[in-house]
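Here's the structure, in structure tokens; my notes come after.
In our numbering, the protein residues as written are 5 to 83.
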């Protein structure tokens, strides 16, 4: 299996990263995306995507919140 090289914070030993991942589980543990999700009812949710279960996106912001994919009008990855 090929190793994937990580750049940025995830690849630095000082942040707990070793710069390489071998499995999808390692990827999920090391990579997180800050996102802003806009919903049909006009509310916005800023947080980190924890996981996707079927049609639901689980977002931590600061509590764990479940968002149905059909309610999302826009999703943006924040820098």
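Don't be surprised by glycine CBs; every beta carbon is placed ideally from N, CA and C.
If you run the structure through DSSP and keep just helix, strand and coil, what is residue 60?
-> In the structure shown, residue 60 sits in a strand (DSSP, three-state: E or B).
Extent of the continuous beta strand (DSSP E) run through residue 77 = That run of the beta strand (DSSP E) goes 76 to 81.
Measure the alpha-carbon distance for residue 59 versus residue 43 and round it to whole angstroms.
-> 14 Å
For residue 73, which residues from the same chain have a beta carbon less than 6 Å from its beta carbon, with the 5 sequence-adjacent residues on both sides left out?
-> So the list reads 59, once near-sequence residues are dropped.
Beta-carbon proximity list for residue 61, same chain, < 7 Å, skipping 5 on both sides = Closer than 7 Å at Cβ, skipping near neighbours: 53, 71 and 73.
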